[in-house]
Amino acid sequence: MKGKPAWESDNQEKAVAAVQQIYDEGVLKVIAIQAIASGARGAAVRKICDENFLKEIALKDYDGAVRQMALKNIADNVFLSELAMNDNDSDENTREEAANKITDEGLLKKIVLNCSNTSVRFYTVQRITDEAFLKEIVLKDLDKLVREAAQSTINAISKEQNSWSIQTSDGSTYYSQKKDSLFVANEILKKLSSIPLQTYYLVDTPDGTLGRDINGFFTEAPIKTTNLKINNPDGKTESVQSQSLIGFGDMNKNQSSVAYQKINGQYAKLILMMKCGQCDYESPIETVAGDMERQCYYCGTNNKTHRGVIHVYTSEGVVDV
Ligand SMILES: [Zn+2]
């Protein structure tokens with residue numbers, strides 16, 4: 198047994214510790230398939246980004262916890278919905294985890310209509326925001342628990358809608374409310390769907406005001422980047438590297454809107470979703486070209502991130518955003 202790599206050990210702790218020192222994706226893939234200790238396979242899977250490889254693991258590993266770990270880095274909504282609806286190959290937790298990761302409301306509806314597993318329908322229906330669809334489920338789902346979950350989701354949505362105060366001016370409608378953190382503001386704003394033109398949602402927090410319109414997120418004044426109020430403070434004290442910085446909504450329109458506001462001398466920052474290197478939460482942050490450090494709205498960890506200059510072509514010429 199001499200010379201055997203430590204990750205091959207059947208001692209979970211020893212094998213997991215060994216995997217934590219390995220960064221080569223090729224080696225991690227071998228471990229993800231061959232390690233005896235399920236913890237070691239899971240630890241390897243956690244560090245792998247190759248979505249096609251992760252899909253194989255999500256379908257084939259015989260340990261549910263490893264399959265669920267693979268789902269963490271899979272964004273393919275169609276794959277996730279197929280897994281959520283599949284009764285044969287997956288245990289209940291994996292199906293629920295897959296359904297939980299789906300962001301496409303059309304696919305969530307498909308699961309609620311077609312999945313034969315009650316518990317998956319029960320959790321999925323609560324993530325739907327379309328009231329007309331929910332009313333249909335209240336009337337026709339075969340399971341009482343699912344019907345009740347659809348009704349309580351409708352109640353929660355109308356309660357949320359009632360908490361907005363509404364103002365109109367010049368043909369625009371402004372919905373606003375106060376919440377105690379950027380995390381809560383994001384949770385409310387990201388769930389809004391089918392926002393009409395000239396309709397603006399604003400959530401005021403002690404750390405600044407976050408807004409949402411038809412194109413995506415916006416701010417009208419700087420939001421705080423340090424000492425944020427955190428609802429779930431389990432962050433790290435040292436900075437981490439953010440996992441990604443990606444767009445939300447219609448990025449072309451967001452970029453040109455920022456460019457035109459700059460031309461008009463107004464405050465405007467491009468908002469991007471920063472995926473926390475510590476907890477995976479995606480915070481909509483104000484960005485500038487170059488290096489930035491921003492706190493995660495969920496766990497409070499400081500994330501180092503970066504974006505390049507974006508040249509936006511406008512009728513007034515090129516504007517750097
Ligand atoms: Zn975080």
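In this text, residue positions in the sequence shown follow the numbering used here: the first is 198, and each later residue adds one. Even glycine gets a Cβ: it sits at the ideal position worked out from N, Cα and C.
What residues are listed by DSSP as bridge partners for E483? Note: E483 is bridge-paired with I468 in the DSSP secondary-structure output.
Residue from K356, D338, A262, E279 whose Cα sits closest to the Cα of G236:
With distances taken between Cα atoms, G236 lies closest to A262.
| message | Here's a check: name, in chain order, each residue in its chain whose Cβ is nearer than 8 Å to the Cβ of Q217, leaving out the five neighbours to either side. | response | So the qualifying residues of the chain are A240.
Proximity of V506 and D517 at Cβ, strictly below 8 Å:
Using a Cβ distance threshold of 8 Å, V506 and D517 count as a contacting pair.
Rounded straight-line distance, which links the Cα of S441 to that of L305
Taking the straight line from one Cα to the other gives about 25 Å.
Requested in this report: Determine contact between the segment 378 to 389 and the segment 407 to 417, defined as no fewer than three beta-carbon pairs at a distance below 8 Å.
Outcome: Touching, per the Cβ criterion.
Cβ neighbour criterion (16 or more within 10 Å) applied to A215: Within a 10 Å sphere around the beta-carbon of A215 sit 16 or more other beta-carbons, which makes this residue buried.
Query - Cβ neighbours of Y371 in the same chain (closer than 6 Å, five flanking residues each side left out) - result: In chain order, Q364, Y397 place their CB closer than 6 Å to the CB of Y371, counting only its own chain and leaving out the 5 sequence neighbours on each side.
**Message:** Taking the straight line between their C-alpha atoms, what separation do you get for F250 and I228?
**Reply:** Just so you know, the alpha carbons of F250 and I228 end up roughly 12 Å apart.
Check your understanding: Is the beta carbon of C496 sitting closer than 8 Å to the one on Q475?
Key -> By the CB criterion at 8 Å, C496 and Q475 fall inside the cutoff.
- Does ligand 1 have a heavy atom nearer than 7 Å to the CB of Q440? Checking every heavy atom of ligand 1 against the Cβ of Q440, none is found closer than 7 Å.
**Prompt:** How long is the line joining the alpha carbons of E435 and N500, rounded to whole angstroms?
**Reply:** One C-alpha to the other measures close to 9 Å.
Beta bridge counterpart(s) of I289 as assigned by DSSP: A quick correction: the sequence has Glu, not Ile, at residue 289. Answer is none; E289 lacks a bridge partner.
**Study point:** Beta-ladder partner(s) of Y371, from DSSP
**Key:** Beta bridge pairing from DSSP links Y371 with Q364, Y397.
task: State the Cα-Cα distance for the pair R504 and V455, rounded to the nearest angstrom.
output: When rounded, the distance between both Cα atoms is 16 Å.
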